[in-house]
Amino acid sequence: MTKKLTHKNIPVLALIAIVLALGYLVLRIIFNDTTPTITFELFAAILGFTLTTLVTFLLLNKQTDAELRKEESIQFLNLKMSVYQELLKQLHDVISKRKIKKEDITELRLLNQQISFVASAEVLQAFNSFV
Numbered sequence: 102m103t104k105k106l107t108h109k110n111i112p113v114l115a116l117i118a119i120v121l122a123l124g125y126l127v128l129r130i131i132f133n134d135t136t137p138t139i140t141f142e143l144f145a146a147i148l149g150f151t152l153t154t155l156v157t158f159l160l161l162n163k164q165t166d167a168e169l170r171k172e173e174s175i176q177f178l179n180l181k182m183s184v185y186q187e188l189l190k191q192l193h194d195v196i197s198k199r200k201i202k203k204e205d206i207t208e209l210r211l212l213n214q215q216i217s218f219v220a221s222a223e224v225l226q227a228f229n230s231f232v
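Position one of the sequence shown corresponds to residue 102 (the working numbering), numbered consecutively onward.
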């Protein structure tokens, strides 16, 4: 599985980098002997919370994109399956008649138009040579 840096990820990654840099600077300034340790721990907790929130947002965004792609693939597969089932039904009707009429060829050509939306070029060429 390849990981691509998309335009949607760049602002979130930049925000994470900015939070890290600013958090480091704030902790560096606060981390001296005169500052109470509670202040340091408080800023560290805020920084950790912010980074956790940003990373969670990024991961949930990726998960949503993956689920949407999966749903699109399922719908396309269902469409393909219904078109091919209709094709098989038409072919069964034509073959069982023993004599092919002009209307049967017209129906197969119309079905060819539906197949063109879901089939590859090789399938279309083979079907066109059949019809």
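Glycine included, every Cβ here is placed at the ideal spot set by N, Cα and C.
In this text, all values refer to a predicted model and were calculated from it rather than measured experimentally.
Option in the options with minimal Cα separation from residue i
{"i": "Y185", "options": "Q214, A115 and T151", "result": "Q214"}
{"i": "V257", "options": "I117, T135 and H108", "result": "Absent from the model: residue 257. The displayed extent of the chain is 102 to 232, so no value can be given."}
{"i": "F279", "options": "G149, L169, N179 and R129", "result": "Look at the range of the chain in this structure, 102 to 232, and you will see that residue 279 is not part of it."}
{"i": "L123", "options": "K200, T140 and A145", "result": "A145"}
Residue i classed as buried or exposed, judged by whether at least 16 other C-beta atoms fall within 10 angstroms
{"i": "I216", "result": "buried"}
{"i": "T103", "result": "Any answer about T103 is weak, because its pLDDT of 49 lies below 50 and its placement is not dependable; what the coordinates show is given next. Answer is exposed; the Cβ neighbour count stays below 16."}
{"i": "T135", "result": "exposed"}
{"i": "H108", "result": "exposed"}
Bounding residues of the alpha helix (DSSP H) (the contiguous stretch that carries residue i)
{"i": "S230", "result": "A222 to F231"}
{"i": "H193", "result": "T138 to K198"}
{"i": "I216", "result": "K203 to V219"}
Would you be able to state if there are at least three C-beta pairs under 8 Å between the segment 143-162 and the segment 108-124? Touching, yes, given that three or more Cβ pairs across the two stretches are closer than 8 Å.
Three or more C-beta pairs under 8 Å: does that hold for the segment 178-192 against the segment 201-214? yes
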